[in-house]
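Numbering (the numbering used here), first residue to last: 596 to 783.
Heads up, the beta-carbon is just placed ideally off N, CA and C, and yes, glycines get one too.
Owing to the predicted nature of the structure, the values given are computational and were not obtained by experimental measurement.
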């Protein structure tokens, strides 16, 4: 019985290894000196977020809160500090299968699931705190992934669908080229 927590950790090792090996191609330059990959991912996320949730994007702009303050750590840590373990492992499964698009979809889904509450908050500090807490109690991976793959895709505007398509194309190009310059890829 005393080893039960250790068994859980031991069971996670193959999952983490698989994510890291598969993730190495999808998080190219996330951890390099200039963090080019994460900067590209943030720009792509921002475009998809604005197209998918324009009211929330306008609200955050009005409050003067740059979303990258929160989302950079989401992507850098692959949601480890954001989602409960059960939900995290499901997201990682998709990360291995679909690569970086999952990070963006899950981020927008987290925002969509809490959109009403976030729109009702106007104080910068309170809004920042709520954004940092997103996902902490999200034990249902089905709820999150339904929002990421069904609700956003079905309810999104044509602009959102175009943004997702552009996201996938730009991510593929960025990772094939090695993403030497953030601005060069963003302008493509």
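Rank 635, 708 and 723 by C-alpha distance to the C-alpha of residue 661 and give the top, closest one. Translated into positions along the chain shown, residue 661 becomes position 66. Nearest option by C-alpha distance: 723.
Since residue 710 contacts residue 651 with CB under 8 Å, what's their CB separation in whole angstroms? The sequence position of residue 710 within the chain shown is 115, counting from 1. The sequence position of residue 651 within the chain shown is 56, counting from 1. About 5 Å; that satisfies the 8 Å criterion.
Here's the rule: buried if 16 or more other CB atoms are within 10 angstroms of the residue's CB, otherwise exposed. What is residue 826? Given a span of 596 to 783 for the chain in the structure shown, any question on residue 826 remains unanswerable.
Going by the CB atoms, is the gap between residue 677 and residue 632 shorter than 8 Å? In the chain shown, the residue the question calls residue 632 occupies position 37. In the chain shown, the residue the question calls residue 677 occupies position 82. Cβ atoms of residue 632 and residue 677: not closer than 8 Å.
Between the segment 666-676 and the segment 686-699, are three or more C-beta pairs nearer than 8 Å? yes
Member of 696, 726 and 717 whose CA lies at the smallest distance from the CA of residue 708: Numbered from 1 along the chain shown, position 113 holds the residue referred to as residue 708. The candidate whose alpha carbon is nearest that of residue 708 is 726.
C-beta atoms of residue 706 and residue 644 nearer than 8 Å: Along the chain shown, read from residue 1 onward, the residue named residue 706 stands at position 111. Along the chain shown, read from residue 1 onward, the residue named residue 644 stands at position 49. Yes; because the gap between Cβ atoms is below 8 Å, this pair is in contact.
Please look up how many angstroms separate the CB atoms of residue 663 and residue 747, rounded, as I've assumed it's under 8 Å. Indexing the chain shown from 1 puts residue 663 at position 68. Indexing the chain shown from 1 puts residue 747 at position 152. Going by Cβ atoms, the distance from residue 663 to residue 747 rounds to 20 Å, so no, they are not a contact pair.
Output the distance between the C-alpha atoms of residue 638 and residue 654, rounded to the nearest integer angstrom. Locating residue 638 in the chain shown gives position 43, counting from the first residue. Locating residue 654 in the chain shown gives position 59, counting from the first residue. Distance between the alpha carbons of residue 638 and residue 654: 18 Å.
Do you know offhand how far residue 635's Cα is from residue 715's? Within the chain shown, residue 635 is the residue found at index 40, counting from 1. Within the chain shown, residue 715 is the residue found at index 120, counting from 1. Approximately 30 Å, taken between the alpha carbons.
From 698, 665 and 728, pick the residue whose C-alpha is nearest to that of residue 740; which is it? The residue you call residue 740 lines up with position 145 of the chain shown. Among 698, 665 and 728, the Cα nearest to that of residue 740 belongs to 698.
What span of residues does the alpha helix (DSSP H) with residue 706 cover, start to end? To locate residue 706, count along the chain shown from 1; it is residue 111. Residues 696-708.
Just curious, the alpha helix (DSSP H) that residue 646 is in, first and last residue? Locating residue 646 in the chain shown gives position 51, where the first residue counts as 1. Unbroken alpha helix (DSSP H) run through residue 646: 631-647.
Under three-state DSSP, which class holds residue 744? Here residue 744 refers to the residue found at position 149 of the chain shown. Helix at residue 744.
Collapsed DSSP secondary structure at residue 711 in the structure displayed: Within the chain shown, the letter at position 116 stands for residue 711. Note: residue 711 maps to helix in three-state DSSP.
What is the rounded straight-line gap between the Cα of residue 764 and the Cα of residue 703? For this step, residue 764 is matched to residue 169 along the chain shown. For this step, residue 703 is matched to residue 108 along the chain shown. C-alpha separation (whole angstroms): 18 Å.
Same chain, Cβ closer than 7 Å to residue 649, neighbours up to 5 away in sequence not counted: Stepping through the chain shown from its first residue, residue 649 is reached at position 54. There are no such residues.
Which of the three DSSP states, helix, strand or coil, is assigned to residue 717? Working through the chain shown from its first residue, we reach residue 717 at position 122. Correct three-state label for residue 717: coil.
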